[in-house]
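Below is one structure, written out as structure tokens; comments come after it.
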Amino acid sequence: MLSTSIKTIFLISFLMLLLIGCSEQKINETQFIKTLTLGNDSIYLQCDEDTLAFPFSAIGLYDTVNSEAATSMTIYSTTDTLIFTPDSIHKNIKVISGENTKFLTVTYFKIAKNNYSDKLNLLKEYAVYNSSNTKNVEFTYSTPNNKNLIELRKQYNLESVAGNGSEISKIINLLHWANKIVRHNGSTGSANPNPKNALNIIETCQKENKGVNCRMMATLLNEAYLSMGFKSRHITCLPYDKADNDCHVINIVYSDSLKKWLYVDPTFAAYFFDADSNFLSIEEVRKKIIKGEKLLLPNDINWNGQPKEKIVYLAYMAKNLFRFSSPIRSEFGYESKKGDRAWVNLNPVGYDDSLSGTVDTYNKQDITNTTYYTNDDAYFWIKPN
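If you use this note's numbering, the sequence shown corresponds to residues 183 to 567, in order.
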């Protein structure tokens with residue numbers, strides 16, 4: 183099937199061509215079917231100047247070609263050429279290669295341009311921070327000598343996982359480890375392992391054959407980084423709309439060699455770099471989205487081992503890179519500890535300005551939760567000591 187054999191994405195502005203496996207239902211042969219005869223056992227799909235080729239064997243018996251609703255698409259072999267447009271009435275193809283016949287259905291999907299435009303406009307409208315070096319509580323990071331971090335490092339052989347390469351290769355290797363060691367399941371927020379620490383998260387997921395949400399995956403990776411001596415935090419990325427309960431939790435890890443924070447997402451094994459192959463921080467990604475500058479993702483971003491469409495991921499993060507929240511202390515099992523716990527929320531200027539500089543505290547049983555609000559990005563993204 184195309185869904186498992188071909189996972190190539192064309193990305194030209196908002197144009198995306200993708201191939202996915204489809205219906206098990208046989209094409210209704212009463213419909214008009216165009217015929218494509220393969221002269222060299224390969225089929226080619228072209229949008230603008232980009233062409234994707236795949237062999238006849240990669241096509242499922244009944245498969246689908248999806249293209250953006252505003253795009254004309256040419257499907258051809260060395261023998262025949264078919265042109266499809268969004269208003270074309272001929273959407274079914276009989277592909278003949280020798281004595282074998284398979285069927286394709288051409289469909290069009292709509293990329294939510296208006297929705298993406300709305301997200302982009304919100305980021306542009308709220309692009310500015312205060313950057314006044316607010317004197318506030320200090321972010322702290324556990325050392326790798328913590329007994330629980332030592333146990334995590336030894337139990338999962340993280341020194342071997344990280345490898346003997348460069349600092350960046352170690353960061354990426356640990357990211358891939360976290361991406362694979364447990365499954366993601368975004369619907370399990372209320373059923374996440376407790377206590378919330380890497381050792382218990384992995385043990386519970388493996389014992390109960392379950393997945394966890396993005397917060398737990400970021401907690402796991404954060405503690406793996408800490409155990410290996412990296413400074414890191416998990417960051418909750420939030421949308422403009424407070425009624426939107428969908429957020430995404432990722433990590434920042436500090437690179438001493440690059441002297442900057444790096445954006446890393448264990449749920450999708452994702453990180454960003456620019457046209458010059460420079461690794462980017464969360465704040466840099468946000469700025470480049472606003473400016474319309476080129477952003478690149480690795481080819482192996484995935485969700486539970488299945489390839490993740492880059493343009494979909496970028497659109498998703500454009501929504502959730504509006505405001506941010508981070509724990510004050512980055513340490514083993516912080517969000518399950520008793521006593522005092524604190525977070526810092528970063529909002530752009532113009533969004534809930536009345537909250538900036540305020541502190542909100544509430545008590546729940548034997549836990550005191552404190553939230554500090556700021557619009558000072560220099561403070562929120564301050565380099566670790």
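Cβ coordinates follow ideal geometry from the N, Cα and C atoms, glycine included.
Ranked by Cα distance from Asp558, the options Asp223, Gly242, Asn312 and Ser224 are led by Asn312. Contact between Glu349 and Ala380 does not hold, since the beta-carbon distance rounds to 21 Å and is not under 8 Å. With respect to the 8 Å criterion, Tyr436 and Lys565 are classified as neighbours on the basis of their beta carbons. When DSSP states are grouped into helix, strand and coil, Asn328 belongs to the coil group. DSSP places Ile363 in the uninterrupted alpha helix (DSSP H) bounded by Glu349 to Ile363. Judged by DSSP in its simplified three-state form, Asn382 adopts helix. The alpha-carbon of Ile265 is positioned some 10 Å away from that of Leu227. In this structure Phe321 does not touch Leu420 by the C-beta definition: roughly 18 Å separates them, more than the 8 Å allowed. One thing to note: His430 has its Cβ within 8 Å of the Cβ of Cys396. One alpha carbon belongs to Asp438, the other to Tyr323, and they sit about 15 Å apart.
Nearest to Val541 by C-alpha distance, out of Leu496, Asp534, Tyr555 and Gly221, is Tyr555.
Distance from the Cα of Glu281 is smallest, within the candidate group Lys273, Asp269 and Phe238, for Phe238. Lys546: member of the beta strand (DSSP E) spanning Val541 to Lys546, first to last residue. The beta carbons of Ala497 and Tyr298 sit closer together than 8 Å. Ranked by how close their Cα comes to the Cα of Thr401, the residues Gly393, Ile417, Gly411 and Lys392 have Ile417 in first place. Residue pairing by DSSP puts Met255 in a beta bridge opposite Phe266.
With a beta-carbon spacing of about 6 Å, Pro326 and Met410 fall inside the 8 Å limit used to define contacts. Taken through DSSP and simplified to helix, strand or coil, Ile464 comes out as helix. Here Ala497 carries a helix assignment [DSSP, helix/strand/coil]. Taking a cut-off of 8 Å for Cβ pairs, the stretch 480-492 and the stretch 357-367 touch, as three or more such pairs fall below it. Here Lys473 is exposed. Its C-beta has fewer than 16 other C-beta atoms within 10 Å.
Assignment of Asp447 by DSSP, reduced to helix, strand and coil, places it in the strand class. As DSSP reads the structure, Lys476 sits in no beta bridge. Per DSSP, the continuous beta strand (DSSP E) segment holding Phe506 begins and ends at Arg505 to Pro509. When the alpha-carbon of Leu218 is set against those of Val277, Leu234 and Lys284, the nearest one is in Val277. Less than 8 Å separates the beta-carbon of Phe454 from that of Leu477.
Residue environment: Leu528 is assigned as buried (16 or more neighbouring CB atoms within 10 Å of its CB, all protein chains considered). Inclusion of Thr553 and Asp522 in the CB contact set at 8 Å is not warranted, their separation being larger than that value. The beta carbon of Ser518 sits closer than 7 Å to those of Asn376, Pro377, Lys378 and Asn379, all from its chain and outside the five residues before and after it, given in chain order. A buried status is given to Leu403, since no fewer than 16 other beta-carbon atoms sit within 10 Å of its beta-carbon. Per DSSP, Tyr407 is not a residue of any beta strand (DSSP E); the alpha helix (DSSP H) it occupies stretches across Cys396 to Ser409.
Taking the Cα positions, Glu491 is about 11 Å away from Ala452.
A check of alpha carbon separations from Ile257 across Val288, Asn502 and Arg415 identifies Val288 as the nearest.
If you draw a straight line from the Cα of Phe504 to the Cα of Asn274, it comes to about 42 Å.
Around the beta carbon of Lys301, 16 or more other beta carbons lie within 10 angstroms, which makes this residue buried. Cβ-Cβ distances below 6 Å link Asn328 to Phe514 in the same chain, with the five nearest sequence neighbours on each side left out; the list follows chain order.
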